[in-house]
Amino acid sequence: MGVSGTLEYFSDLMSSSGHKHKKRKQLQTVELKVRMDCDGCELKKVTVTGYVETNKVLKKAKSTGKKAEIWPYVPYNLVAQPYAVTAYDKKAPPGYVRKVDNNVSSTATVTRYEDPYITMFSDENPNACSVM
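Residue numbers 1 to 132, in full-length UniProt numbering, belong to the letters of the sequence shown in order.
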């Protein structure tokens, strides 16, 4: 195998017209909350690591007859407001709070609109006109 054979080998590897290789799944970790009755299962947490799909693992866990869901908790130090109504959960294990979306804020925001006519003659307004 000379230089031409090596170049041909590399061109076959790089070309898209060659055999289609099956795309390998990413290694991921799936955490489930499953109700279990064993002594060492205070967290009721099952962790599956491998080349798996989340929905398939959840479906398989539910097929055993156990109540299963995706692990809904994160460590409390990763949440901006861990004691907010949406994040705090009494059933959460110690040191964990419910996963909340930071983009969606359920807390009410107060917006204060200033009336321009009231602040027109205010001493705190640097652009106010002074009337004597």
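Glycine included, C-beta positions come from ideal geometry on N, C-alpha and C.
- According to the DSSP assignment, residue 49 belongs to the beta strand (DSSP E) that extends over 45-50.
- Between residue 30 and residue 74, the C-beta gap is not smaller than 8 Å, which leaves the two residues out of contact.
- The residues 86 and 87, in chain order, have a CB closer than 6 Å to that of residue 100 in the same chain once the five nearest residues on each side in sequence are set aside.
- With contacts defined by Cβ atoms closer than 8 Å, residue 32 and residue 46 form a contacting pair.
- The C-beta distance from residue 35 to residue 67 rounds to 5 Å, short enough to fall under 8 Å.
- For residue 29, the enclosing beta strand (DSSP E) has its first and last residue at 28-34.
- Taking every protein chain shown into account, the CB of residue 96 has 16 or more other CB atoms within 10 angstroms, so this residue is buried.
- Taking the C-beta atoms as reference points, residue 54 is found nearer than 8 Å to residue 70.
- The beta carbon of residue 27 is closer than 8 Å to those of 49, 50 and 51 in its chain, skipping five residues each way along the sequence.
- The alpha-carbon of residue 92 is positioned some 32 Å away from that of residue 25.
- Looking at the DSSP output, residue 96 shares a beta bridge with 75.
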